[in-house]
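Taking it in order: structure first as structure tokens, then the write-up.
Numbering (the numbering used here), first residue to last: 605 to 668.
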């Protein structure tokens with residue numbers, strides 16, 4: 605029996621966005637990193653795009 609084998613590295617890049625409320629914008633502009641991190645953690649992110657990437661390795665011939 606003979607077969608071909610290869611490895612595939614698969615990644616999916618996503619672009620997400622969150623629209624700040626007026627109150628969040630005021631808080632964000634104050635520059636307090638703890639508050640900014642809290643806004644990031646509590647955000648309900650929307651997917652705006654993605655791009656799957658396939659990276660195929662070399663094909664190897666295997667004969668038993």
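Ideal Cβ placement from N, Cα and C applies to all residues, glycine included.
Given the structure is predicted, the values throughout are model-derived calculations rather than measurements.
Beta-carbon proximity list for residue 655, same chain, < 7 Å, skipping 5 on both sides: 617
Have a look at 621, 606, 643, 619 and flag the residue whose alpha-carbon is nearest the alpha-carbon of residue 630. 643
Residue 658 versus 609, 613, 619, 606, residue with shortest Cα-Cα distance: 613
Cutoff 6 Å; reference residue 649; Cβ partners in own chain excluding five residues on either side: 620, 622
Through-space distance from residue 608 to residue 668, alpha-carbon basis: 11 Å
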